[in-house]
Amino acid sequence: MDASIRKNGFKKLALGTAALVAVFWFVLWLQRQGYSPNSFALIALGTPVAIGLVGLLEITVNRPFSEMEEWWNNLEGWQRGVLGLLVVIVAFVLLACGMATAGILGLI
């Protein structure tokens, strides 16, 4: 695999991070204007996070996201189980950290 995959992954990670910061500041601006965003309105923060996580995955695995299915299906059953459980744990930790941060900042 060549470095262009990681370069594209880094671009997606940077784009997702920049978009997340922009959406986050927009939500804070809305809050200062008197609109109190509810938890449903904060779903907009999830899209940039997903783009950034795709980039992070491409950087880590050094494969394009479109080829992940084939790679995943070639794993042994126990490997898929362990990685799947790891993904669920990491996702839960990220969700909990995001909700705690939003709670501390008074967004929810």
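Using our numbering, the first residue of the sequence shown is number 2, and each one after it goes up by one. No residue lacks a Cβ here, since even glycine has one placed at the ideal position from N, Cα and C.
From which residue to which residue does the alpha helix (DSSP H) around residue i run?
{"i": "Arg64", "result": "No alpha helix (DSSP H) holds Arg64; DSSP gives it neither H nor E."}
{"i": "Phe27", "result": "Ala4 to Arg33"}
Rounded to whole angstroms, what is the Cα-Cα separation between residue i and residue j?
{"i": "Glu68", "j": "Ala19", "result": "26 Å"}
{"i": "Leu76", "j": "Ser5", "result": "24 Å"}
{"i": "Gly99", "j": "Leu57", "result": "18 Å"}
{"i": "Thr32", "j": "Leu54", "result": "The residue you asked about is not Thr; residue 32 is Gln in the sequence shown. One C-alpha to the other measures close to 27 Å."}
{"i": "Leu87", "j": "Leu96", "result": "14 Å"}
{"i": "Ile44", "j": "Arg64", "result": "28 Å"}
{"i": "Thr61", "j": "Gly85", "result": "16 Å"}
{"i": "Ile105", "j": "Ile90", "result": "22 Å"}
{"i": "Gly1", "j": "Phe93", "result": "Look at the range of the chain in this structure, 2 to 109, and you will see that residue 1 is not part of it."}
{"i": "Tyr36", "j": "Gly107", "result": "13 Å"}
{"i": "Phe25", "j": "Ala103", "result": "10 Å"}
{"i": "Trp72", "j": "Gln80", "result": "12 Å"}
{"i": "Gln34", "j": "Asn74", "result": "49 Å"}
The ligand GTP and residue i: does any heavy atom of the ligand fall closer than 7 Å to the residue's C-beta?
{"i": "Phe11", "result": "The ligand GTP is absent from the structure shown, which contains no ligands of any kind."}
Under a Cβ-count criterion, where at least 16 other Cβ atoms within 10 Å of its own Cβ denotes burial, should residue i be classed as buried or exposed?
{"i": "Gly10", "result": "buried"}
{"i": "Gly82", "result": "exposed"}
{"i": "Glu59", "result": "buried"}
Compute the beta-carbon to beta-carbon distance between residue i and residue j, rounded to the nearest angstrom, for a pair I have assumed lies under 8 Å.
{"i": "Val50", "j": "Pro38", "result": "Not quite, the Cβ-Cβ distance comes to about 16 Å (not below 8 Å), so this is no contact."}
Do residue i and residue j have their C-beta atoms within less than 8 Å of each other?
{"i": "Lys13", "j": "Ile52", "result": "yes"}
{"i": "Leu16", "j": "Leu46", "result": "no"}
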